[in-house]
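Residue numbers for the sequence shown follow numbering that gives the first Met the number 0, beginning at 0 and rising by one.
The C-beta atom is built at its ideal place from N, Cα and C for all residues, glycine as well.
Data block below; observations after.
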Amino acid sequence: MSFYRTLLRVLPLPFLRSIAKVAAYFINQNPNKSMLWKTRINLALAYPELTIDQKEKMARESVTKQCLSYIESGKCWAMPPEWSIQQIHTVHNLEVLTNALNDPKGALIITPHLGTWEMMNAWVHQYGIPTIMYKPMKDNGFNSFALHARQRLNATLVPTDANGVKALFKNLKQGGFSVILPDHVPQPSGGVVVPFFGIPCLTSTLASKMAQKTQCRLVGLSCFRREDDEGFDVYCDDLNDPQLYDRDIEVATTALNKAVEQMINRFPAEYMWGYKRFRGGNQKFYTN
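Below, the structure is given as structure tokens:
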């Protein structure tokens, strides 16, 4: 893995992006398997109003953007944090984030698998030291690589178990801030089946329970490469729907899914549609 880390560090980002685009080209030549197959299914479920041609165009574009996001994440893991901060070009509605971080009830940052979310990790750490839930990757080499990069930032990394939940809760109660990726498919005990893009699927209740118990501020953060390839733009969204704090966990989780949908709809092709997100409901969509 040290060899790949060195390659990612020394090769310029434009060249790495070219490699990602070549990989996406070959993936898109194999439509009945892999990332393109799952992306097609997910887009057909999420955007039924699009024509067949529009969905196919978006699916292939999304595969390319997912490959770009993977290589960009690897690059930022290999580079010093200062490099990642320099890549951030424009921050939209920064006051939404700073106001939330000044709230004594704490702030919970909602970061879906959207755009190149890893690129803004170092940038976020300029505003404090968050508590972040960390789920180990299946590949030990990549897991070690990513873990090392995140630990450089002095973030408090906690496991995705009961101890991690307690650490998140304690941090918010003390007025700190935490980061959660809300769109993992959880174990059945950790979720409820509620609509996401109108499709009932298993959705994590963790963020909603944290909001209920602490009344913390909720902020959506997303990071996208610019059309001119000159860095990345960050968007800060104030998630202030009262239903996000509803005592009924299904109501609250549905509201959170709606908020995530709105974040995705800004740039739909940037979402990680190559993930089997629509699982856990009565219908089985991934049966190839």
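Quick one: is residue i buried, meaning 16 or more other Cβ sit within 10 Å of its Cβ, or exposed?
i	result
residue 370	It is not possible to answer for residue 370, since the shown part of the chain is limited to 0 through 287.
residue 225	exposed
residue 74	buried
residue 117	buried
residue 376	Because the chain is modelled from 0 through 287, residue 376 falls outside the range shown and cannot be assessed.
residue 285	exposed
residue 183	buried
residue 1	exposed
residue 105	buried
residue 93	exposed
residue 289	Here the chain covers residues 0 to 287 and nothing more, so residue 289 does not appear.
residue 127	exposed
residue 129	buried
residue 77	buried
residue 41	buried
residue 28	exposed
residue 181	buried
residue 97	exposed
residue 269	buried
residue 86	buried
residue 14	exposed
residue 25	exposed
Tell me residue i's beta-bridge partners as DSSP assigns them.
i	result
residue 18	Answer by DSSP bridge pairing: none, since residue 18 is not bridged.
residue 195	198
residue 223	232
residue 176	106
residue 270	113
residue 237	218
residue 156	131
residue 190	203
Relative to the alpha-carbon of residue i, which residue among the options has its alpha-carbon at the smallest distance?
i	options	result
residue 212	261, 237, 169, 144	169
residue 100	258, 86, 124	124
residue 31	59, 9, 192, 281	59
residue 68	279, 271, 49	271
residue 265	163, 206, 113, 14	113
residue 179	258, 45, 110, 210	110
residue 91	11, 127, 41, 236	236
residue 185	171, 202, 147	202
residue 164	46, 269, 204, 252	204
residue 70	88, 44, 4, 126	4
residue 258	217, 127, 273, 283	217
residue 256	173, 24, 45, 27	45
residue 157	108, 273, 166	166
residue 121	150, 54, 189	150
residue 131	155, 49, 6, 148	155
residue 161	262, 188, 277, 87	188
residue 23	278, 273, 280	273
residue 261	277, 239, 279	239
residue 227	146, 207, 88, 277	88
residue 102	280, 43, 54, 173	173
residue 192	159, 49, 108, 280	280
residue 159	134, 82, 208, 253	134
residue 254	207, 276, 283, 33	207
residue 243	283, 108, 210	210
residue 214	137, 148, 171	171
Going by the C-beta, is residue i closer than 7 Å to any heavy atom of the ligand NAD?
i	result
residue 139	No copy of the ligand NAD appears in this structure; indeed no ligand is present at all.
Segment contact, 8 Å Cβ cut-off, at least three pairs: the stretch 17-25 with the stretch 63-74:
Output reads yes: the stretch 63-74 touches the stretch 17-25.
Where in the stretch 83-148 do unbroken runs of the alpha helix (DSSP H), each at least 4 residues long, occur, reported from the N-terminal end onward?
93-100, 120-123
Check whether the stretch 240-247 touches the stretch 33-50, counting contact only when three or more Cβ pairs, one atom from each stretch, lie closer than 8 Å.
In short, these stretches do not touch, since the Cβ pair count stays below three.
May I ask you to verify whether the stretch 226-245 touches the stretch 186-198, counting CB pairs closer than 8 Å and requiring at least 3?
No contact exists between the stretch 226-245 and the stretch 186-198.
Is there contact between the stretch 214-223 and the stretch 105-122, where contact requires at least three CB pairs shorter than 8 Å?
yes
Which full runs of the alpha helix (DSSP H) of 4+ residues lie inside the stretch 59-86, going along the chain?
As far as the stretch 59-86 is concerned, its whole alpha helix (DSSP H) runs of at least 4 residues are 80-86.
Mind listing, in chain order, the continuous alpha helix (DSSP H) runs of no fewer than 4 residues lying wholly within the stretch 27-62?
33-45
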